[in-house]
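Enquirer: One structure follows; several queries about it will come next.
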Amino acid sequence: MKDVIEQLDEWRAAGRPAAVATVVAVKRSAPRPPGAKMAITVDGGVSGMVSGGCVEGAVIQVAEEVLAGGPPQLLEFGVADEEAWAVGLPCGGEITVWVDRPEGEETDAFQQLTREGGRGALVTRLDDGRRMLVGEDGTRRGSLGAPAAEDAAAALAATLMWAERSQRLDAGGIPLFVDVTAPPPRLIIIGAIDLAAALAQLASIGGWRSFVADPRGFFATPQRFPHAERVVAAWPAKAIEELGGIDAATSIVVLTHDPKIDDAALEVALRSDAAYIGVMGSHKMQADRRARMVELGFGDADLARLSGPVGLDLGALTAYETALSVMAELVAVRRGREGGRLRDSTAARIHEVLPPAPASAER
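Written out as structure tokens, the structure reads:
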């Protein structure tokens, strides 16, 4: 989303009006998730995609109509697998796309939130285009013209903005789309070892913000971790505090092999809302560590949050292979998957899994 908004900013500065097409619903093997965007200018400029090239031509035609003064439009693409080639969806998926002009105070505020790396949701009525912005703190701006629909959308937005998903909603017969913006996920790495450097690099490539902490100052230097956003030489509790704490969009990986440091980090992590807690070490080390956590007062539910040995079973040997194993597990957990080979998967879709939603929500 941020790349499209940056392009919109350039076009706006150059006096080039634009429309935006947003994927608002998908079924089966649609190539782009809800929230994917494509911007189209009045003079033929294009940024982003809504289907990986399948239906962009048809969407551009509708965008031109909207830019010429026409109303926003809700487009449906996709048919049965055997007929899918005829409409440009050889994958057999189905997508719904909303095309309108990015105007209004709520849209401006949503775009600014995205530029700043904030968290929130823009709710759009898919029948008349009215919008409401929901902030991370639950505040609302704008109106959908239906209080019950606004309440339902705000409740769903509170869940989706932390799950980092966008989703369509039918609220009492009113079609809505909850469009989420969120900062990149955070990864706190405890232990300034060579593996941490490789993990920070892969995390950066994957769009994550990584941070390295270690009380051993001779290891924890910015020069050794050029891909980390910040390196802190302090004990885990102090380092995590300096990094802003651990929220539900933060993962933590503990790598030191030193029980004093490991346990101190896990004690903080297990008392937080961390999305993922991974810890390096053999099965024996894990058993000993869990026993120490029990002595500190943690129960079975707490210990079930620990992922150790950390990573997926790739047979990794080198630092980069091990870092790949860890990042693979982080992505799998974030997307609600167990990992494993796609050829052996029985999941209906090979892409992300949407989070649980209230009964009133319609995917």
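Just so we're aligned, residue 1 is where the sequence shown starts under UniProt numbering, counting upward by one.
Cβ coordinates follow ideal geometry from the N, Cα and C atoms, glycine included.
Is E105 near G142, with beta carbons less than 8 Å apart?
Expert: To locate residue 105, count along the sequence shown from 1; it is residue 105. To locate residue 142, count along the sequence shown from 1; it is residue 142. Contact: yes.
Enquirer: Per DSSP, which residues does Y18 bridge with? Please list them.
Expert: Position 18 of the sequence shown, counted from the start, is the residue given in the question as residue 18. In the sequence on display, residue 18 carries Ala and not Tyr. DSSP, once it has assigned bridges, lists T41 as partnering A18.
Enquirer: Considering only the beta carbon of each residue, do P17 and L67 sit closer than 8 Å?
Expert: Here the question's residue 17 lines up with position 17 in the sequence shown. Here the question's residue 67 lines up with position 67 in the sequence shown. Cβ distance < 8 Å, so P17 and L67 count as in contact.
Enquirer: Where do the N-terminal and C-terminal ends of the alpha helix (DSSP H) with M327 fall, by residue?
Expert: Position 327 of the sequence shown, counted from the start, is the residue given in the question as residue 327. Per DSSP, M327 belongs to the alpha helix (DSSP H) from A319 to R334.
Enquirer: By Cβ distance below 6 Å, which residues in the same chain neighbour E83 in space, the five residues on each side in sequence not counted?
Expert: Position 83 of the sequence shown, counted from the first residue, corresponds to residue 83. Its pLDDT being 42, under 50, E83 is placed unreliably by the model, and the measurement read from it follows with that caveat. Contacts found: none.
Enquirer: Per DSSP, A171 is paired with what?
Expert: Residue 171 sits at position 171 when you count from the first residue of the sequence shown. Partner(s): I174.
Enquirer: DSSP state of D100, grouped into three classes?
Expert: Locating residue 100 in the sequence shown gives position 100, counting from the first residue. Three-state result, D100: strand.
Enquirer: When the Cα atoms are used, what is the spatial distance from A269 to Q61?
Expert: To locate residue 269, count along the sequence shown from 1; it is residue 269. To locate residue 61, count along the sequence shown from 1; it is residue 61. If I take the Cα positions, the gap works out to 51 Å.
Enquirer: Mind checking who G135 pairs with in its DSSP beta bridge?
Expert: On the sequence shown, residue 135 is found 135 positions in, with the first residue counted as 1. Bridge partners of G135: G120.
Enquirer: Can you list, in chain order, the residues of its chain whose CB lies under 6 Å from that of Q201, leaving out five sequence neighbours each side?
Expert: For the purposes of this step, residue 201 is identified with residue 201 of the sequence shown, where counting begins at 1. For Q201, where only same-chain residues beyond five positions count, the Cβ hits under 6 Å are H227.
Enquirer: Would you check if the distance between the CB atom of M38 and the CB atom of V50 is smaller than 8 Å?
Expert: The count along the sequence shown starts at 1 and reaches residue 38 at position 38. The count along the sequence shown starts at 1 and reaches residue 50 at position 50. In contact: M38 and V50 (Cβ atoms closer than 8 Å).
Enquirer: Within a Cβ cutoff of 7 Å, which residues of the same chain sit near E321, ignoring the five residues on either side of it in sequence?
Expert: Mapped onto the sequence shown, residue 321 falls at position 321. Excluding positions up to five away in sequence, the list reads L314.
Enquirer: Taking just the CA atoms, how far does T346 sit from residue 364?
Expert: The chain is shown from 1 up to 363; residue 364 falls before or after that span and cannot be answered.
Enquirer: Let's test the definition: count the other Cβ atoms within 10 Å of the Cβ of P147 and tell me whether it reaches 16, buried, or not, exposed.
Expert: On the sequence shown, residue 147 is found 147 positions in, with the first residue counted as 1. P147 is exposed by the Cβ-count criterion.
Enquirer: Helix, strand or coil for S345? Go by DSSP, reduced to three states.
Expert: Against the sequence shown, residue 345 aligns to sequence position 345. Reduced to three states, the DSSP call for S345 is coil.
Enquirer: Mind checking whether G172 and A149 have CB atoms under 8 Å apart?
Expert: Taking the first residue of the sequence shown as 1, we reach residue 172 at position 172. Taking the first residue of the sequence shown as 1, we reach residue 149 at position 149. A contact, by the Cβ cut-off of 8 Å.
Enquirer: Of all the options M280, A163, R335 and T318, which has the alpha carbon lying nearest to the alpha carbon of I261?
Expert: Looking up residue 261 in the sequence shown gives position 261. Selected option, being the one with the closest Cα: M280.
Enquirer: For D273, does the three-state DSSP call read helix, strand or coil?
Expert: Residue numbering aside, residue 273 sits at position 273 when the sequence shown is read from its first letter. In this structure, D273 counts as coil in the three-state DSSP scheme.
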